[in-house]
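Q: The opening residue of the sequence shown carries number 527 in my numbering; numbering runs sequentially from there. All residues carry an ideal CB built from backbone N, CA and C; glycine is no exception.
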Amino acid sequence: MTAYYLTNNCGSITAQGGLCSGSPTIFCIGDSIGIENNTSSIYDDAYICWGDGRIDSFPGGFTGCVKHKYNFPIDSCINIGTLGQINIDIKLGIKKQCGPTNSFHWITTPIAIKFKPKAIFNVDSICVGS
527 MTAYYLTNNC GSITAQGGLC SGSPTIFCIG DSIGIENNTS SIYDDAYICW GDGRIDSFPG
587 GFTGCVKHKY NFPIDSCINI GTLGQINIDI KLGIKKQCGP TNSFHWITTP IAIKFKPKAI
647 FNVDSICVGS
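1. Strictly by DSSP, which residues pair up with S558?
2. How long is the line joining the alpha carbons of I559 and L545, rounded to whole angstroms?
3. Between which two residues does the beta strand (DSSP E) carrying Q611 extend?
4. Sorted by chain position, which residues of the same chain lie with C-beta nearer than 6 Å to N564's C-beta, five sequence neighbours on each side aside?
5. Please work out which residues of its chain come closer than 8 Å, Cβ to Cβ, to C533, disregarding the five sequence neighbours upstream and downstream, and give them in chain order.
6. Does DSSP classify A541 as helix, strand or coil?
Below, the structure is given as structure tokens:
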């Protein structure tokens, strides 16, 4: 897990959390993945950037486990490499507002999404009726 401060104008705040209790770090496509927020700092808003283009915002923050599913189209041009998976960093961010400025801190949780195997056959010729 990596932590980043984007701004620190309202004093120090620290996002705390990650995958929901008991979750693995490698998931299959279509699995439900959960992020929990255990932040003890006083903050105003929370954000989850899922790493697939979706960002969820939570005015006032959230508690518990927020779920998300990754579904990539079959025809997408994603390089899944030799392991048949992609690596994604999920970001949990918190913001504290103080007048016209703010403090913002976020942490990353790395996961991997495994794709379903796809069989590819090459046939030189087909004999019909024999």
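A: Let me spell this out:
1. By one-based count along the sequence shown, residue 558 stands at place 32. Per DSSP, K595.
2. Numbered from its first residue, the sequence shown carries residue 559 at position 33. Numbered from its first residue, the sequence shown carries residue 545 at position 19. Between the alpha carbons of I559 and L545 lies a distance of about 8 Å.
3. For the purposes of this step, residue 611 is taken as the residue at position 85 of the sequence shown. For Q611, the enclosing beta strand (DSSP E) covers residues 611-624.
4. Position 38 of the sequence shown, counted from the start, is the residue given in the question as residue 564. Taken in chain order, the residues that qualify are Q542, G543.
5. Residue 533 sits at position 7 when you count from the first residue of the sequence shown. Checking the displayed sequence, the identity of residue 533 turns out to be Thr instead of Cys. Counting only Cβ-Cβ distances below 8 Å, and skipping sequence neighbours, we find T627, N628, S629, F630.
6. Within the sequence shown, numbered from 1, the residue matching residue 541 stands at position 15. Reduced to three states, the DSSP call for A541 is coil.
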